[in-house]
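In what follows, a single structure is set out as structure tokens and then discussed.
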Amino acid sequence: MKKGLFYAILASTLWATVNSFIKQGLSNDFTPINFSETRFATVGIILFAYTRYKGI
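Next comes the structure, spelled out in structure tokens:
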């Protein structure tokens, strides 16, 4: 499988699952602000780890 095709499939899968995570998160006593803070913190940690791994 080509690298670009793999990334396109991965991005599509992640994009499709976001709505179910938002629905689940908002139904569990999270306010929209708390939920967005959690999402941004999680992504920030992942991106930080990735950049440290790549040496950027």
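Just add 1 to the spot in the sequence shown (first one is 1) and you have my numbering.
From the three backbone atoms N, C-alpha and C, an ideal C-beta is built for every residue, glycine too.
Just so we're clear, the structure is a prediction, and the values are computed from it rather than from any experiment.
To the nearest angstrom, how far is it from the Cα of residue i to the Cα of residue j?
i	j	result
Tyr8	Phe49	20 Å
Tyr51	Thr18	21 Å
Gly56	Thr32	36 Å
Ile36	Arg53	Correcting the residue identity first, residue 36 is Phe in this sequence and not Ile. Whole-angstrom Cα-Cα distance: 26 Å.
Ile34	Leu27	10 Å
Thr14	Gly5	14 Å
By the DSSP assignment, the alpha helix (DSSP H) with residue i in it spans what residues?
i	result
Thr14	4-28
Phe36	33-55
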